[in-house]
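Line order of the protein sequences matches chains A and B.
Note that the numbering used here gives residue 585 to position 143 of the first sequence, counting from 1, and the numbers run on in steps of one.
Note that the numbering used here gives residue 187 to position 135 of the second sequence, counting from 1, and the numbers run on in steps of one.
Report on one structure; see the data block that follows.
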Amino acid sequence: MSLIKLENIKKSYPLGDGELEILKGISLEINQGEFVAIMGPSGSGKSTLMNILGCLDQPTSGKYFLNGKEIGKLNSDELATIRNQKIGFVFQGFNLLSRTSAIENVELPMIYAGIGEAERHKKAINALKAVGLEQRMDHQPNQLSGGQQQRVAIARALVTEAPIIFADEPTGNLDTKTSVEVMELFTRFNKELGRTIILVTHEEDIAMYADRIIKVIDGEIKSDKRKQK
Amino acid sequence: MIDIKTITRIALRAIKANKMRSSLTSLGIIIGVAAVIVMLAIGHGAQVSIQEDMKTMGSNLMIVRSGSSTSGGARGGRGSLPTMKAADGDAIQEKIAKIKLAAPVLEQVNQIIYGNANWATSTTGTDNRYFQIKDWSLDYGRNFSESDIKNAAKVTVLGQTVVTELFGDVDPFGKTVRIKGMPFTVIGVLQKRGENGMGMDQDDAVFIPITTAQKKIIGITFPDQVNMIMLQAVDGDATYTAQEDISQLLRQRHNLGINKENDFVIMNLTQMQEMMESSTQILTVLLGSIASISLLVGGIGIMNIMLVSVTERTREIGIRMAIGAKSWDIRWQFLMEAIVLSLIGGLVGIITGLIGVEIMKMFTTFTLIIAWPYVIIPFIFSGLVGILFGFYPAYKASLLNPINALRYE
């Protein structure tokens, strides 16, 4: 059974009298442990696809199975629980809480999972060690560089042991050197920890880190290629 | 579901992050709680001081006075028709079980002379039951003996004000004062009583045996005449229920036919005391409610700021939702923030209010009394205000859509 299965997913928004169809029927399967890049120009619908995959949004029609469970019928609180337990997010703009230390940012998803304080703390330290930031635990986001902030965000996505990590343009705000560092972290977590990584990007060289590249144009899948091993 | 410790910590951090704004927001609650505390202290103080004044008048008190006379169409007013006798009082005390004591009172304002000092004061003819009813003991000396009453002895018991005015520092005991030219021996001095509930100085009086007043000092038109009889009922209820019995007894004693009106008036001072007490209670409630309005306004201030805060922190809400916060978690977080703000405001308000009460005590003549329930209630009220006015912004925050919230700049 595949981890993620989309069946003819459509998404449209009301626009004036009619509707604007962003996703025009997407079917797709992703297995546990894959490293997938979703590519496409802006306006192609890749961000909408990402939001639906990440359980932040729901499709207008079609079916989405995550771990065999259909997502389309869940209410917003049930979606929140899925996001908390199954998904880690890494965003282009880092999206860390300001005026909040790195370790507290990493602890945040565990707070909503109802994990006790001591365990939260221990796991957060381990996650920060994994991204090489154990020395900066008590720094707040504005005291960290962009690359460091993104590593905190990665630690936050990693810490709940969620099987899937969604990364939406994770290197968009970073220079080439730190982009490489960040992408190497993703590769490592994919290979060593078996995390499924779904990456949205428009940069070819970033997409090259993935094992499978899905191109989306005008709300449809244009190509789906696996790297030759 | 987040535990309360974590959520409180999150709330405290948000409050600390915006110190200036938080303190200005709490200011409304601080002023509200302080105002409620000061106002309730004023109201409660008035209540207690009136109760204490009332106590000095005697408890479960009733008075029977003569009725009014009519002469040539002109009605003489209360007490103008002399009908009451000291014996009426004795009969009431004896026959009506609900009445514990009945003291005769015959009084007149007279000039009292000692040496070359003189002072106009009320000369009250009565007996020892008067002091019992008023629960008024002697400072020193003795009160009237049986033979004083029987023989209409020229002895007197003085109130403190009279002692001060006539004797200054001299010990009045055994000295002779003149009332209407007649020499009276001072046999006792009463303890200081102060003003009664009506603002009259109770110590400005001299007391002589009722018989002496009737026979030697005050001109009376028929034997055994008194101005009034002071009664003490067994309890508060009896002051109401005994009235009918007293009325019947007196009508019978005064030989009043069925068609004749009462020639006496029964007054229930307990009723009056209760009225005054309830009016001070109303005062307390009134002052408290006016001050509570400022507390409500403070709550609206909190709601305003929380609404601004929710808008400002849309992105934070988006992040929290994206990583798994349920709508209840978000609602709880902002509600807790409003409650913590209100409770901090409430605590500071209590301190400010207590200081305010001390300052008012220093600079005004009001009696201010702090009763602890009147401190705790506004504090609890401030918490309720936090819940009430924190709920809407918190609810609004919980309705945000995570995608839009994350995109919010």
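No residue lacks a Cβ here, since even glycine has one placed at the ideal position from N, Cα and C.
- Here the C-alpha atom of residue 582 of chain A lies approximately 18 Å from the C-alpha atom of residue 601 of chain A.
- Close to chain A, meaning a Cβ-Cβ distance shorter than 8 Å, are the following residues of the stretch 368-395 of chain B: 368, 370, 371, 372, 373, 374, 375, 376, 377, 378, 379, 380 and 381.
- Excluding its 5 nearest sequence neighbours in each direction, residue 293 of chain B has C-beta neighbours in its own chain below 7 Å: 150, listed in chain order.
- Per the DSSP secondary-structure output, residue 115 of chain B pairs in a beta bridge with B:282 and B:319.
- For the stretch 553-566 of chain A, the set of residues with a beta-carbon nearer than 7 Å to any beta-carbon of chain B comprises 553, 554, 555 and 556, in chain order.
- If you ignore the 5 residues before and after residue 540 of chain A, its C-beta comes within less than 8 Å of the C-beta of 582, 583 and 584, all in its own chain and listed in chain order.
- For the stretch 512-524 of chain A, the set of positions with a beta-carbon nearer than 8 Å to some beta-carbon of chain B reads 518, 519, 522 and 523 in chain order.
- In the DSSP assignment, residue 635 of chain A falls outside any beta strand (DSSP E) and lies within the alpha helix (DSSP H) extending over 618-635.
- In this structure the stretch 164-177 of chain B touches the stretch 201-217 of chain B; the number of beta carbon pairs closer than 8 Å is three or more.
- Within the stretch 191-215 of chain B, the beta strand (DSSP E) runs of at least 3 residues that lie entirely inside it are, in chain order, 207-210.
- Within chain A, no C-beta atom comes nearer than 9 Å to that of residue 449 of chain B; the closest sits roughly 14 Å away.
- For a Cβ distance threshold of 9 Å, residue set 371, 372, 375, 376 and 377 of chain B lies close to residue 550 of chain A, ordered along the chain.
- Here residue 593 of chain A is actually not in contact with residue 538 of chain A; their C-beta atoms are around 11 Å apart, not less than 8 Å.
- Taking one beta carbon from each stretch, the stretch 324-334 of chain B and the stretch 411-425 of chain B have fewer than 3 pairs nearer than 8 Å; the two do not touch.
- Taken in chain order, the members of the stretch 432-459 of chain B whose beta-carbon sits within less than 9 Å of a beta-carbon on chain A are 453, 454, 455 and 458.
- Within its own chain, the residues whose Cβ lies closer than 7 Å to the Cβ of residue 191 of chain B, once the five positions on either side in sequence are excluded, are 241, 242 and 243, listed in chain order.
- For the stretch 485-501 of chain A, the set of positions with a beta-carbon nearer than 7 Å to some beta-carbon of chain B reads 493, 498 and 499 in chain order.
- At a C-beta separation below 8 Å, residue 69 of chain B has these neighbours in chain A: 541.
- Here residue 279 of chain B is buried, its C-beta having at least 16 other C-beta atoms within 10 Å.
- For residue 54 of chain B, the chain A residues whose Cβ falls inside 8 Å of its Cβ are 553, 554 and 556, in order along the chain.
- Contact fails between the stretch 99-107 of chain B and the stretch 433-453 of chain B, because fewer than three Cβ pairs, one in each stretch, are under 8 Å apart.
- Counting other Cβ atoms within 10 Å of its Cβ, residue 183 of chain B reaches 16 or more and is therefore classed as buried.
- Proximity of chain A to residue 58 of chain B at the Cβ level (cut-off 8 Å) is accounted for by 553 and 559, in chain order.
- Spatial neighbours of residue 288 of chain B in its own chain (CB-CB distance under 7 Å, excluding positions within 5 residues in sequence) are listed in chain order as 112 and 322.
- Under the Cβ criterion of 8 Å, residue 568 of chain A is not counted among the residues facing chain B.
- Taken atom to atom, the span from the alpha-carbon of residue 659 of chain A to that of residue 68 of chain B is near 47 Å.
- Here residue 528 of chain A is buried. Its C-beta has 16 or more other C-beta atoms within 10 Å.
- Residue A:608 holds the alpha-carbon nearest to the alpha-carbon of residue 374 of chain B among A:608, A:449, A:447 and A:486.
- Taking a beta-carbon distance threshold of 8 Å, residue 584 of chain A does not count as an interface residue toward chain B.
- Between residue 452 of chain A and residue 504 of chain A, the C-beta gap is smaller than 8 Å, which places the two residues in contact.
- Short of 6 Å from the beta carbon of residue 95 of chain B, and not among the five residues preceding or following it, lie these beta carbons of its own chain, in chain order: 335, 336 and 339.
- Residue pairing from DSSP places residue 156 of chain B in a beta bridge opposite B:281.
- Taking all protein chains shown into account, residue 393 of chain B has 16 or more neighbouring C-beta atoms within 10 Å of its C-beta and is therefore buried.
- Taken in chain order, the unbroken stretches of alpha helix (DSSP H) that lie wholly in the stretch 237-315 of chain B and span 4 residues or more are 290-305.
- Around the Cβ of residue 351 of chain B, a 10 Å sphere holds 16 or more other Cβ atoms; the residue is buried.
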